[in-house]
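Scroll down for the structure; my scribbles are underneath it.
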């Protein structure tokens with residue numbers, strides 16, 4: 026199951042790695058890290074004082090300053106008060122204690138909504154190339170690669186409130202709402218769109234969603250499971266047919 030970031034690009038731990046930058050950009054022992062994240066190219070760690078330390082490929086989040094790709098210098102914004110880091114394939118996003126978000130890697134900077142820093146964020150989620158922020162009021166804000174879920178404009182109305190959790194695979198998002206319905210966006214082939222014969226079963230009573238790298242499966246309160254996405258990654262429960270797969274109860 027993937028509840029906060031694709032398992033093949035993200036990892037968190039509470040190991041006792043001790044890192045800090047020096048004037049030459051190298052790492053030395055200073056304070057114990059209590060959260061560590063990685064993507065395929067770089068690491069990011071939160072130290073006990075809430076600051077962020079990174080290392081690895083500078084173009085993919087291994088530096089907090091500008092790179093050859095461009096980007097922004099976010100070292101000041103990440104010098105404290107960071108409580109969570111989420112990774113994507115090309116970078117990272119940090120949630121700060123004040124509910125604002127800072128991203129870095131390929132692109133980055135303080136994340137803005139309607140021209141102002143986004144606020145009241147409680148949790149960040151990611152696909153390979155995009156992010157989604159869940160806010161206190163149950164609304165969702167997205168950014169990043171459009172095809173991987175950075176563009177949620179087709180479901181804007183459904184994401185204005187009532188979202189309680191977000192699930193991801195490598196290419197799409199699935200939001201679970203208070204009424205038990207599911208809203209999806211991102212790459213249509215890999216779960217960003219739901220076939221009509223499955224969608225009719227995702228309008229209520231869903232209790233959780235699970236994912237592979239390219240598909241989703243929703244568990245309902247009656248014990249039934251409904252899947253969608255890439256048929257080769259578990260997106261169909263009975264193989265691919267012209268009328269869709271059967272739904273099995275109490276799997």
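In my numbering, the protein residues as written are 26 to 276. For every residue, glycine included, the Cβ atom is placed at its ideal position computed from N, Cα and C.
Under 8 Å between C-beta atoms of residue i and residue j
i, j, result
"residue 251", "residue 227", "yes"
"residue 294", "residue 205", "The question about residue 294 has no answer here: the residues shown for the chain are numbered 26 through 276."
"residue 147", "residue 173", "no"
"residue 64", "residue 113", "yes"
"residue 76", "residue 103", "yes"
"residue 207", "residue 243", "yes"
"residue 217", "residue 240", "no"
"residue 79", "residue 67", "yes"
"residue 62", "residue 117", "yes"
With 16 other Cβ atoms within 10 Å as the buried cut-off, status of residue i
i, result
"residue 160", "buried"
"residue 179", "exposed"
"residue 122", "exposed"
"residue 202", "buried"
"residue 248", "exposed"
"residue 189", "exposed"
"residue 74", "exposed"
"residue 232", "exposed"
"residue 263", "exposed"
"residue 101", "exposed"
"residue 53", "Its pLDDT being 37, under 50, residue 53 is placed unreliably by the model, and the measurement read from it follows with that caveat. Exposed, by the Cβ-count rule."
"residue 90", "exposed"
"residue 105", "exposed"
Member of the options whose CA lies at the smallest distance from the CA of residue i
i, options, result
"residue 2", "225, 209, 222, 246", "In this structure the chain extends from 26 to 276, so residue 2 is not present and cannot be described."
"residue 70", "120, 97, 171", "120"
"residue 166", "194, 129, 125", "125"
"residue 278", "207, 163, 105, 261", "Look at the range of the chain in this structure, 26 to 276, and you will see that residue 278 is not part of it."
"residue 186", "84, 164, 171", "164"
"residue 220", "238, 193, 256", "256"
"residue 138", "108, 105, 176", "176"
"residue 149", "245, 108, 83", "108"
"residue 156", "145, 128, 162", "128"
"residue 110", "234, 245, 72", "72"
"residue 145", "224, 162, 135", "162"
"residue 212", "238, 224, 234", "238"
"residue 193", "98, 88, 171, 234", "234"
"residue 98", "82, 135, 224", "135"
Identified DSSP bridge partners for residue i
i, result
"residue 184", "Residue 184 is not bridged to any residue."
"residue 151", "156"
"residue 218", "For residue 218, which the question treats as bridged, DSSP gives no partner whatsoever."
"residue 100", "Paired residues: none, contrary to the question."
"residue 212", "Bridge partners of residue 212: none, in fact."
"residue 143", "DSSP, once it has assigned bridges, lists no residue as partnering residue 143."
"residue 114", "Per DSSP, none; premise fails for residue 114."
"residue 245", "231"
"residue 109", "120"
"residue 192", "199"
Rounded distance between the beta-carbons of residue j and residue i, thought under 8 Å
i, j, result
"residue 200", "residue 191", "5 Å"
"residue 133", "residue 154", "With a Cβ gap of about 13 Å, residue 133 and residue 154 do not count as contacting."
Residue i beta carbon near the ligand NAD (any heavy atom closer than 7 Å)
i, result
"residue 260", "The ligand NAD is not among the ligands present in this structure, which contains no ligands whatsoever."
Short CB-CB distance (under 8 Å) between residue i and chain D
i, result
"residue 106", "No chain D appears in this structure, which consists of one protein chain only."
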